[in-house]
Amino acid sequence: MGMWKSLMPFALLAIFPATVVTAFAQEEAGARAPYVVVHGWPQLPKDFVFGDISGVGVDSHNHVFVFNRAENSFVCFGGEAACPSPSPTWHPGPIASAAILSYDGKTGRPLAGWGKNRFISPHGLGVDHHDNVWVTDTALQQVFKFSNDGQLLLTLGTERVPGLDGTHFNAPTAIAFAADDTIYISDGYGNSRVAKFSPSGKFLLAWGRRGSGPGEFNTPHGIAVDKQGLVYVADRENSRIQVFDSNGKFLRMWGYADLGKPWDVAVGPDNLLYVVYGGNGNLMRANEGHEELVKCDLSGKILARWSSFGNYDGQIFWGHSIAVGEDGAVYEGEVSRGMRVQKFIPR
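418 is the number that my numbering gives the last residue of the sequence shown; the numbers go up by one with no jumps.
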């Protein structure tokens, strides 16, 4: 804890201006926004600050799970864009703190924390239809399935060994689930593919390669599945979202030049698509003016958009992950100088 406390002043510079200075300015700026931020969510202990929030998800009990890099947020200054996967010069140890934290979605009250000394580089988090919590670790090269209370149930991938087959990943980024519990994993920084697994974890197929053509990827960073079983991939460095059927057949794609890069996608209970555009990866400016949240239909038509670049409450600085609760609340997590999770509700 001593190391973590010594890093707090740096983190506080990123976080506290967002909660202290913003009340009037953000209400003015957001007066016409379709969603508003919930100030003071979640409730945090007096001396606690988050590290990078790499993943967020919501279960059927309206419990919000947050994947937090804690002290490993500072191992490679510049965040995941600088060192997203293991390299000869990057050898952090396991995160000693609880990397997975949960909060009551309505009140923000802390509920639980687990995953000490298990993860090195947290990335994606997803909650399946049975309230199991799945996460990816880009340094361990693995995907983990946990029960709702943190018991390890299944591990996919080979620890610290990258590869391109049914038992290996190369810096996997995110997880999504079809209605029949089929698992889709965006894989990710190294492989630029989507891998499909059975509910029991049997490898079924994969599609994609590095490139910019239809069905090709340059950092598939987020993934979601709609009620019809179509798969939506946030093809981040190609600045677009691609849509596939359950067997990987390319169907369509779209992108918006005025929004920047899609870092994560989620299908809400309304069967609409929610997107966080997290900027261009520039640590200091982060695509200033191009960070916001978007709700669109499944053809890509924008229905609502809100927020902007910045550290104030309701603004976004390196938005990395997004999830939607059954009540329609939108949760967004940030890495780098953001290092926070925010809750938005319809106005």
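Ideal Cβ placement from N, Cα and C applies to all residues, glycine included.
Note that the coordinates shown come from a computational prediction; the quantities given were computed from them, not determined experimentally.
Inset, instruction - Run the CB neighbour count on Gln386, radius 10 Å, all protein chains shown included, and call it buried at 16 or more, exposed below. - result: The residue you call residue 386 lines up with position 315 of the sequence shown. Buried: at least 16 other Cβ atoms inside 10 Å.
Legend entry - Proximity of Val214 and Ile256 at Cβ, strictly below 8 Å: Taking the first residue of the sequence shown as position 1, residue 214 is located at position 143. Taking the first residue of the sequence shown as position 1, residue 256 is located at position 185. Yes; because the gap between Cβ atoms is below 8 Å, this pair is in contact.
Legend entry - Counted within 10 angstroms of its Cβ, other Cβ atoms place Ser378 as buried (16 or more) or exposed: To locate residue 378, count along the sequence shown from 1; it is residue 307. Looking at its Cβ environment, which holds 16 or more other Cβ atoms inside 10 Å, Ser378 is buried.
Legend entry - Entirely enclosed beta strand (DSSP E) segments - the stretch 173-228, minimum 3 residues: 181-185, 193-198, 204-208, 213-217, 223-227
Inset, instruction - Output yes or no for whether 8 Å exceeds the beta carbon distance between Glu405 and Ile393. - result: In the sequence shown, the residue the question calls residue 405 occupies position 334. In the sequence shown, the residue the question calls residue 393 occupies position 322. Against a cut-off of 8 Å, the Cβ pair of Ile393 and Glu405 comes out as no contact.
Inset, instruction - Using DSSP bridges, identify the partner residues of Leu344. - result: Here residue 344 corresponds to residue number 273 of the sequence shown, with the count starting at 1. Val338, Cys367.
Legend entry - Where the beta strand (DSSP E) containing Trp325 begins and where it ends: To locate residue 325, count along the sequence shown from 1; it is residue 254. Start and end: 321-325.
Legend entry - For Pro333 and Gly293, believed in contact at Cβ under 8 Å, the rounded distance: Locating residue 293 in the sequence shown gives position 222, where the first residue counts as 1. Locating residue 333 in the sequence shown gives position 262, where the first residue counts as 1. Taking a contact as a CB-CB distance under 8 Å, the pair Gly293 and Pro333 counts as one, their CB atoms being some 7 Å apart.
Inset, instruction - Please report the Cβ distance between Pro193 and Phe138, rounded to the nearest whole angstrom; I am assuming they are in contact, meaning their Cβ atoms lie under 8 Å. - result: Your numbering for residue 193 matches position 122 in the sequence shown. Your numbering for residue 138 matches position 67 in the sequence shown. Their Cβ separation, rounded to whole angstroms, is 5 Å, which keeps Pro193 and Phe138 in contact under 8 Å.
Inset, instruction - Reducing DSSP to helix, strand and coil, say where Ala400 ends up. - result: Taking the first residue of the sequence shown as 1, we reach residue 400 at position 329. Reduced to three states, the DSSP call for Ala400 is coil.
Inset, instruction - Find out if the Cβ-Cβ distance for the pair Pro233, Thr253 is shorter than 8 Å. - result: In the sequence shown, residue 233 corresponds to position 162, counting from 1. In the sequence shown, residue 253 corresponds to position 182, counting from 1. No, these two residues do not count as a Cβ contact at 8 Å.
Legend entry - Unbroken beta strand (DSSP E) run spanning Asn139, endpoints: Locating residue 139 in the sequence shown gives position 68, counting from the first residue. Its beta strand (DSSP E) spans residues 134-139.
Legend entry - Where the beta strand (DSSP E) through Thr120 begins and ends: Taking the first residue of the sequence shown as position 1, residue 120 is located at position 49. What sits at residue 120 in the sequence shown is Val, not Thr. Premise fails: Val120 is in no beta strand (DSSP E) and is neither H nor E.
Inset, instruction - For Asn143, count neighbouring Cβ atoms within 10 angstroms of its own Cβ and tell me buried if that reaches 16, exposed if not. - result: For the purposes of this step, residue 143 is identified with residue 72 of the sequence shown, where counting begins at 1. Per the 10 Å Cβ criterion, buried.
Inset, instruction - Look up Gly390 in the DSSP assignment and give the residues it is bridged to. - result: Taking the sequence shown and counting its residues from 1, one reaches residue 390 at position 319. DSSP lists Glu405 as partners of Gly390.
Legend entry - Same chain, Cβ closer than 6 Å to Glu287, five either side skipped, listed in chain order: Walking along the sequence shown from the start, residue 287 turns up at place 216. Cβ within range, chain order: Arg280.
Inset, instruction - Please state if the CB of Gly350 and the CB of Phe380 are separated by a distance shorter than 8 Å. - result: Within the sequence shown, residue 380 is the residue found at index 309, counting from 1. Within the sequence shown, residue 350 is the residue found at index 279, counting from 1. Yes, these two residues count as a Cβ contact at 8 Å.
Inset, instruction - Return helix, strand or coil for His110, following the three-state DSSP convention. - result: Translated into positions along the sequence shown, residue 110 becomes position 39. Reduced to three states, the DSSP call for His110 is coil.
Inset, instruction - Using the Cα positions of Leu227 and Arg103, report the straight-line distance between them to the nearest angstrom. - result: In the sequence shown, residue 227 corresponds to position 156, counting from 1. In the sequence shown, residue 103 corresponds to position 32, counting from 1. Going by the C-alpha atoms only, they are around 45 Å apart.
Legend entry - CB contact flag (Val412, Pro113, <8 Å): Sequence index remark: in the sequence shown, residue 412 carries index 341 (1-based). Sequence index remark: in the sequence shown, residue 113 carries index 42 (1-based). Against a cut-off of 8 Å, the Cβ pair of Pro113 and Val412 comes out as a contact.
Legend entry - Length of the line joining the Cα atoms of Trp389 and Thr290: In the sequence shown, counting from the first residue as 1, residue 389 sits at position 318. In the sequence shown, counting from the first residue as 1, residue 290 sits at position 219. Roughly 16 Å separates the two Cα atoms.
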